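Below you'll find the structure, written out as structure tokens, and then a few comments.
Protein chains: 2
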Amino acid sequence: MLRCLTVPNTSPATLVNERGIDEASSLTLQERKQQLVRTAIWDAATDLFAEKGYDETTIDDIAKRAGVSRRSFFRYFTSKSDLMAYGAIGYAGYLTEAIRACPAGCPLSEVFRRTVFQVAEQCAAHPRTRKIMEIAAKYPAAKEAQQSRTAELQERVEAAFARHVAGQNGEDLTPHVVTGLTLSVLAVIFRAWFEHGQQDISVTANQVLATLDRLVCHDKSQGRRTDD
Amino acid sequence: MLRCLTVPNTSPATLVNERGIDEASSLTLQERKQQLVRTAIWDAATDLFAEKGYDETTIDDIAKRAGVSRRSFFRYFTSKSDLMAYGAIGYAGYLTEAIRACPAGCPLSEVFRRTVFQVAEQCAAHPRTRKIMEIAAKYPAAKEAQQSRTAELQERVEAAFARHVAGQNGEDLTPHVVTGLTLSVLAVIFRAWFEHGQQDISVTANQVLATLDRLVCHDKSQGRRTDD
DNA sequence: AGTATATTGGCACTCAGTGCCATTGTCAAC
DNA sequence: GTTGACAATGGCACTGAGTGCCAATATACT
């Protein structure tokens, strides 16, 4: 993964916005055209996944419907997995942005809560989120592909948290723990929100965080382990 | 994934033990032979991964060194990813077993703690854990492959937790939350344990759980969200 | 117009993964 | 010892993924 694509200058910021046509402020014409092709491929692919299934859709199919050559497909996405993980880049952007937005003195537990709520709402508002979740729920291989960039995501989020708590010793495990917690909590929220009504995601988020509190802060008497 | 392999009767319990030669109590001769081939392939593969890299190792290489045909490789493992995820089956077994071992009245927070410690120690004692972690740390594609069965793992663990808290309404999010928490905490523990000394993993586990407590149970004044 | 550069498409190649069938090995019954 | 049933293996051929290379085309800049 993470191969060098020839075509796009794919700066992460470029990929955050969806349509690539309007609101193209600081983008050159070339970049906007590339973005256009990229979303064309993505739209063609997700449509086909929904129509005839994830495994059954070949890259030839996608390229044909998107109106590009097979060879060009691989210049915009490294693989079919890469397509499903497309949203992960924007997701990582939301997360790091939300963490960075917190004031310096803000306790980490509060940074965690704010990040969870803000990112949940941002993703819930995004049309791509729903489409991807539907495909992932239907086809296990698609779900696996979607999560194929977890490592990169984790690294970026960890770096953002580490930046917030800068000034501690290097051996501190805090950034790792918050990152794991944040990502797993968000995953639970998305799943519950998607499976049930998909109404207001902040309600779901509150439920999940309340459950977490009940779980961790219940009895802390047994902080050290003794064998049974 | 999860294709039907022709050869092996691969019951999950069969795969938990490592060598497959000794301590073969309730296994037929055929099953033990299959297990032998399976571990031969696995050994050959991990050796090659360590020698010449994960991506550079083809399935032909693995089959040749293991002394089986290319076609037979695919009867024991569905893919190279499947090989890296081989340990996930035993891992899931450890987790469900640890959860089930807790007495019925045990509060979930305590089940969580016990499971984390027990599974961490079991995995740390297993020779395969170290080997896999070394490869995964070195090659990103291998790490990705290793996590390719997260969905199955999650389902099994969730089911085990749900069994423990049986008697609640179906809308309860608790099993989802504990599962996410358990898996992410264990991931942090393994990583920290592997990167640092790899001494006593229960020390690492205590550090991580202490960090978690500090994080979640810090100030709970802001249980409901208000926009800034 | 004319040149440098970016993008694309086509071709050929390796490797992953699968279906099909012939061969071999194993075990039991006769 | 032979025969027959059945599991395991190996070989072959095929589709699809992914990549390198080069020619053709489009775009930008002078």
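Keeping their order, the protein sequence lines are chains D and A.
Take 851 as the starting number for the first sequence in the numbering used here and just add one per residue.
Take 851 as the starting number for the second sequence in the numbering used here and just add one per residue.
Glycine included, each C-beta is placed from N, C-alpha and C at the ideal position.
Values in this document were obtained by computation on a predicted structure and should not be read as measured data.
- Using the beta-carbon count (16 or more within 10 Å), is Asp-905/D buried or exposed? exposed
- Query: Can you tell which of Ala-1042/A, Glu-960/A and Tyr-926/A has the C-alpha that lies nearest to the C-alpha of Lys-883/A?
  - Reply: Tyr-926/A
- Measuring alpha carbon to alpha carbon, tell me which of Phe-899/D, Thr-907/D and Phe-967/D ends up nearest Val-1053/D. Phe-967/D
- Which first and last residues belong to the alpha helix (DSSP H) in which Arg-1006/A is found? 1000-1014
- Task: Go through its chain and collect everything with a Cβ distance to Ser-875/A's Cβ below 8 Å, but skip five positions before and after it.
- Result: Here Ser-875/A scores only 48 on pLDDT, less than 50, and its place in the model is too uncertain to base an answer on.
- In its own chain, which residues sit with a C-beta less than 7 Å from the C-beta of Ile-909/D, not counting the 5 before and 5 after it? Arg-920, Phe-923 and Lys-930
- Query: What do you reckon, are the CB atoms on Ala-970/A and Ile-1051/A nearer than 8 Å?
  - Reply: yes
- Between the CA atoms of Gln-885/D and Lys-914/D - distance to the nearest angstrom: 18 Å
- Query: If you compare alpha carbons, which of Gln-997/D, Thr-1061/D, Thr-907/D and Gly-1017/D is closest to Tyr-812/D?
  - Reply: One cannot answer for residue 812/D here, as it falls past the ends of chain D, which runs 851 to 1078.
- Specify whether the stretch 985-992 of chain D and the stretch 1002-1015 of chain D touch according to this definition: at least 3 beta carbon pairs, one from each stretch, less than 8 Å apart. no
- Contact check, Arg-964/D vs Ala-948/D, beta carbons under 8 Å: yes
- Within its chain, find whatever has a CB closer than 8 Å to the CB of Ala-992/D; leave out the 5 residues flanking it on each side and keep chain order. Phe-899, Tyr-904, Met-934, Ile-985 and Ala-986
- In chain order, what residues of the same chain lie with their CB nearer than 7 Å to the CB of Leu-1065/D, ignoring the 5 residues before and after it? none
- Could you check the C-alpha separation between Asn-1056/D and Ile-982/A for me, to the nearest Å? 38 Å
- Item | Beta-carbon separation (whole angstroms), Val-1007/A vs Leu-1036/A, contact threshold 8 Å | The Cβ separation is near 10 Å, so there is no contact.
- Thinking C-beta only, is Val-1038/A closer than 8 Å to Val-1038/D? no
- Query: Listed from N- to C-terminal order along the chain, which residues in the stretch 979-1012 of chain D have their beta-carbon within a distance smaller than 7 Å of any beta-carbon of chain A?
  - Reply: Pro-990, Ala-991, Lys-993, Glu-994, Gln-997, Ser-998, Thr-1000 and Ala-1001
- Message: Under 8 Å, Cβ to Cβ, is there at least one residue of chain A near Cys-956/D?
- Response: no
- Tyr-926/A by DSSP, collapsed to three states: which one? helix
- Task: My understanding is that Cys-952/D touches Cys-1067/A, with C-beta atoms under 8 Å, so please give their C-beta distance in whole angstroms.
- Result: Not confirmed; about 19 Å, so no contact.
- Quick one: grab the DSSP three-state call for Asp-905/A. coil
- Query: Going by C-alpha distance, which of Gly-1047/D, His-1046/D, Leu-1023/D and Gln-880/D is nearest Ala-1042/A?
  - Reply: Leu-1023/D
- Task: Please classify Gln-1048/A: does DSSP put it in a helix, a strand, or coil?
- Result: coil
- Leaving out the 5 sequence neighbours to the left and right, which residues in its chain are closer than 7 Å to Trp-892/D when beta-carbon positions are compared? Leu-933 and Tyr-936
- Hey, is Asp-1063/D's beta-carbon within less than 8 Å of any beta-carbon in chain A? yes
- Grab me the residues of Leu-1059/A's own chain with a C-beta within less than 8 Å of its C-beta, minus the 5 sequence neighbours each way, in chain order. Arg-963, Val-966 and Val-1035
- Would a C-beta distance cut-off of 8 Å place Ala-890/A and Ile-912/A closer than the cut-off? no
- Item | CA nearest to the CA of Ala-974/D, picked from Gln-1048/D, Ser-959/D, Gln-880/D and Asp-1063/D | Gln-1048/D
- Interface residues of chain D around Val-1058/A at Cβ under 7 Å? Leu-1023 and Val-1027
- Excluding sequence positions up to five away, which residues of its chain have a Cβ less than 6 Å from the Cβ of Arg-888/A? Tyr-926
- From the beta carbon of Phe-962/D, is the nearest beta carbon of chain A less than 8 Å away? yes
- Query: What separation, rounded to the nearest whole angstrom, lies between the Cα atoms of Gly-943/A and Thr-1061/D?
  - Reply: 26 Å
- Message: Within a Cβ cutoff of 6 Å, which residues of the same chain sit near Leu-1031/D, ignoring the five residues on either side of it in sequence?
- Response: none
- What does Cys-1067/A reach in chain D if we use C-beta pairs closer than 9 Å? Ser-959, Asp-1063, Val-1066, Cys-1067 and Lys-1070
- Item | Status (buried if at least 16 other CB within 10 Å, exposed otherwise) for Ala-954/D | exposed
- Where Leu-945/A meets chain D, residues with beta-carbon distance less than 8 Å: Near Leu-945/A there are no residues of chain D at all, since even the closest Cβ is about 15 Å away, more than 8 Å.
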